[in-house]
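Right, one structure below, let's go through it.
Number of protein chains: 2
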Amino acid sequence: MHSAFSLQCPIPISDYPTITLAHGGGGKLSQMLVERMFAPAFACPELEILHDGAALDFGLTHIDEQSAICNLQSATRLAFSTDSYVISPRFFPGGDIGSLAIHGTVNDLAMCGGRPLYLSAGFILEEGLPMDELWRIVQSMSAAAKAADVRVVTGDTKVVERGKGDGIFINTTGVGLIPAGVQIAPTRARPGDIVLVNGPIGAHGIAVMSVREGLEFETAIESDSAPLHTLAADILAAGGEAVHVLRDPTRGGVASALNEIAARARVGILLDEAHIPVQEEVQAACAILGFDPLYVANEGKCLAIVGRSAAVPVLAAMRAHPLGQQAAIIGEVADGQPGKVFLRSRIGGLRMVDMLSGEQLPRIC
Amino acid sequence: MHSAFSLQCPIPISDYPTITLAHGGGGKLSQMLVERMFAPAFACPELEILHDGAALDFGLTHIDEQSAICNLQSATRLAFSTDSYVISPRFFPGGDIGSLAIHGTVNDLAMCGGRPLYLSAGFILEEGLPMDELWRIVQSMSAAAKAADVRVVTGDTKVVERGKGDGIFINTTGVGLIPAGVQIAPTRARPGDIVLVNGPIGAHGIAVMSVREGLEFETAIESDSAPLHTLAADILAAGGEAVHVLRDPTRGGVASALNEIAARARVGILLDEAHIPVQEEVQAACAILGFDPLYVANEGKCLAIVGRSAAVPVLAAMRAHPLGQQAAIIGEVADGQPGKVFLRSRIGGLRMVDMLSGEQLPRIC
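Protein chains in written order, with the numbering used here: chain A, 28 to 392; chain B, 28 to 392.
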């Protein structure tokens, strides 16, 4: 049973002797950890078959590293997704670690095309956390769960000694039911598809960074943290089977999410900078902080990749939803350049948009 | 939406201004946190109905705070359970945080009567964790998952700055399918039932404490960490519907687990000290460290509470299983004294066995 220990570490220790913040940043090093270490360690026959595209007949489909779809029996498909929340600071404009922990996992389930049903909540508390702060966070989770119509049905609490944690970390894991006929997967993006987003990007990351850096703007920038399940349902109702991919661009932002999809589907993606909505204040803050909004985290944004004929009805459905009033078509899936994302700039230039490399915004979620 | 914030903290802040290690110890303060804060915050109509005993017709049954059963549709019941692992040290005789994270959640699912199927894995890593240590832990998880016939199908990795974590914390959350006819719930213990355990208690806690305290014994005490799903299946096959309760006595030990069951089922439980199996070395270590084995954590033990007529076949099934060779009948469910656990000592005295109070063994799992 222990023979596996003799295998060499699949990540070159000479280059990466220890874990760094970038390994949790949602960019290249995160991806390396998943692809080289976790995926092979937890590989199972179904997954290897899946790599060849045999998808749902074999019991499991991977949406991304955080979400899987499990076939329980022929008629019931279950979306299953996990996320740990370590955001610092715990309270920020537009939310807190409690509401974020609900929204984040609700959104991961919604991006599988699933109706979120039940969540678990695992707390790792640091000795000395003020009791009333825990209470505020729990109340916020409770309100967010009610608003998102999910139930926290099981939980766990661990406490670590002072100095061995940072106040509170929360894991939420969710299950949801996927209606028959819904087939959402990153591999389904194909040339000719249209890429949409439900509104201005980058607000969450900038709201959190502003608090950390003590920046003040004329208008406070608020996180976009919100539950996207009803928006996703409206998109699916409008686009039907032409809805190929849904994805919430969290850590690593729109750029990293689209790079992942481009790689999984072996397609190119072409974005149109002029059409990507960004709030003026977010753009200004990005300029000050040296960030590109394409890489900044969102917690209430949904990318939808849909067949060309569905683009107009899906856009209309997004705009009719309170969380999609500023929805836009931001690009398309291209023929050629598989695995790459390009941006046509406002002045007409074309540049490649790579995955986030290094750590831009530690502990943003 | 924020009106809930005006409610007063349900735990008296004058008595408990901050979180203490005991709030994570599995004893009275853990229970207070769950009952006064988490349960009301996440209450839903089904749960309130459940308190009156209407159980499975309403969509959810709670096995304990860490496990719930969800009715997906009439024929499919899902066991759903979460646990975060913060054990220190990360490697100990008989296991490590990786194998423990698999066994613990597999066991929680098995104790619902479920066949464990899929796990999620959420890692919270501290900057500076040696890469090869992560690799050893992941390999151990992989081997444990294979041995327990479960698949880790989805995951998440976060990294926190040096000094804001402690190497590695792992959350695993699992789903399992519950066969038709299986009705396991702590509320089902009833007077006349027999209490069994599958072997000697207290090894896990003592194995970990020995490493921490630098104690050496003639024979090294190893953790009992093991997956209990096939044992649970054998118990269910032997006892059928007469198997009323299954429970793994982890944090807080046998004493706390039975106190919880006694409270939930409103029955008394009477244990017979002479019949409770304890390894000699564990007994000796408990004497040195000042512990009572009844309160020491186990990670490969299963308490079964079964109808009297099923006691002999269940005991035989346990003893026929590699993890139950030293199984024993250790007590019975009594008429009267609801919510209380008593121990008949070797010399015939009767004493009350309360829940663990305070923190005995921090970060034991």
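All C-beta atoms in this analysis are idealised placements derived from N, C-alpha and C, irrespective of residue type, glycine included.
Could you check where the beta strand (DSSP E) with residue i kicks off and where it finishes?
i: threonine 184 of chain B; result: 178 to 187
i: glycine 201 of chain A; result: 195 to 205
i: isoleucine 356 of chain A; result: 355 to 361
Under DSSP, the alpha helix (DSSP H) around residue i begins and ends at which residues?
i: threonine 257 of chain B; result: 256 to 266
i: serine 408 of chain A; result: The question about residue 408 of chain A has no answer, for chain A in this structure spans 28 to 392.
i: methionine 236 of chain A; result: 230 to 240
i: alanine 128 of chain B; result: 124 to 137
Going by DSSP in three states, residue i sits in which element: helix, strand or coil?
i: alanine 247 of chain B; result: coil
i: leucine 297 of chain B; result: strand
i: threonine 277 of chain B; result: coil
i: glutamate 153 of chain A; result: strand
i: alanine 347 of chain A; result: coil
i: methionine 59 of chain A; result: helix
i: isoleucine 315 of chain B; result: helix
i: aspartate 220 of chain B; result: coil
i: threonine 45 of chain A; result: strand
i: arginine 371 of chain A; result: strand
i: arginine 378 of chain A; result: strand
i: isoleucine 332 of chain B; result: strand
i: valine 113 of chain B; result: coil
i: aspartate 84 of chain B; result: Only weak support exists for where aspartate 84 of chain B lies, its pLDDT of 27 falling under 50; the coordinates are left without a value.
i: serine 252 of chain B; result: coil
i: valine 305 of chain B; result: coil
i: leucine 34 of chain B; result: coil
i: serine 101 of chain A; result: Confidence at serine 101 of chain A is low in this model, with a pLDDT of 46, below 50, so the placement of that residue should be treated as unreliable; the coordinate-derived value is given next. In this structure, serine 101 of chain A counts as coil in the three-state DSSP scheme.
i: valine 341 of chain B; result: helix
i: alanine 70 of chain B; result: coil
i: proline 213 of chain A; result: helix
i: leucine 388 of chain A; result: coil
In whole angstroms, give me the CA-to-CA distance for residue i and residue j.
i: leucine 152 of chain A; j: glycine 51 of chain B; result: 8 Å
i: alanine 216 of chain B; j: tyrosine 43 of chain B; result: 33 Å
i: arginine 274 of chain B; j: aspartate 135 of chain B; result: 8 Å
i: proline 276 of chain A; j: glycine 226 of chain A; result: 12 Å
i: threonine 45 of chain A; j: proline 39 of chain A; result: 10 Å
i: tyrosine 322 of chain B; j: leucine 56 of chain B; result: 15 Å
i: threonine 47 of chain A; j: isoleucine 124 of chain B; result: 20 Å
i: histidine 231 of chain A; j: glutamate 326 of chain A; result: 6 Å
i: threonine 132 of chain A; j: glutamate 359 of chain B; result: 43 Å
i: leucine 144 of chain B; j: valine 177 of chain B; result: 5 Å
i: leucine 77 of chain A; j: glycine 53 of chain B; result: The pLDDT assigned to leucine 77 of chain A is 34, lower than 50, so where the model puts this residue is not dependable, and the model offers no usable value.
i: leucine 105 of chain B; j: glycine 375 of chain A; result: 54 Å
i: alanine 68 of chain A; j: valine 165 of chain B; result: 7 Å
i: glycine 363 of chain B; j: alanine 137 of chain B; result: 30 Å
i: glycine 86 of chain A; j: valine 179 of chain B; result: Reliability fails at glycine 86 of chain A, whose pLDDT of 45 lies under 50, so the model's placement of it is uncertain and no value is given.
i: glycine 267 of chain B; j: proline 218 of chain B; result: 18 Å
i: isoleucine 357 of chain B; j: alanine 70 of chain A; result: 41 Å
i: phenylalanine 318 of chain A; j: cysteine 139 of chain B; result: 49 Å
i: glycine 203 of chain B; j: leucine 242 of chain B; result: 39 Å
i: proline 37 of chain B; j: glutamate 287 of chain B; result: 21 Å
i: arginine 239 of chain A; j: valine 368 of chain A; result: 31 Å
i: valine 339 of chain B; j: glutamate 62 of chain B; result: 36 Å
i: leucine 330 of chain A; j: phenylalanine 244 of chain A; result: 28 Å
To the nearest whole angstrom, what separates the beta carbons of residue i and residue j, a pair I think is in contact under 8 Å?
i: proline 206 of chain A; j: arginine 291 of chain A; result: About 23 Å separates the two Cβ atoms, so there is no contact after all.
i: glycine 121 of chain A; j: alanine 234 of chain A; result: 6 Å
i: glycine 182 of chain B; j: phenylalanine 65 of chain A; result: 6 Å
i: alanine 355 of chain A; j: leucine 223 of chain A; result: 7 Å
i: arginine 335 of chain A; j: aspartate 251 of chain A; result: Contact flag wrong, Cβ pair sits at about 28 Å.
i: valine 294 of chain B; j: isoleucine 228 of chain B; result: That belief does not hold up - the Cβ atoms of valine 294 of chain B and isoleucine 228 of chain B are roughly 21 Å apart, past 8 Å.
i: alanine 284 of chain A; j: threonine 199 of chain A; result: The Cβ separation is near 20 Å, so there is no contact.
i: alanine 265 of chain A; j: alanine 344 of chain A; result: 4 Å
i: valine 113 of chain A; j: valine 187 of chain B; result: 5 Å
i: glutamate 154 of chain B; j: arginine 117 of chain B; result: In fact, because the Cβ distance is near 16 Å, the residues do not count as touching under 8 Å.
Between residue i and the ligand FMN, is the CB less than 6 Å from at least one heavy atom?
i: isoleucine 221 of chain B; result: As presented, the structure is devoid of all ligands, the ligand FMN included, so that no description of it is given.
- Message: Would the stretch 250 to 262 of chain A count as touching the stretch 348 to 356 of chain A if we require 3 or more Cβ pairs under 8 Å?
- Response: yes
Would the stretch 146 to 160 of chain B count as touching the stretch 288 to 305 of chain B if we require 3 or more Cβ pairs under 8 Å?
no
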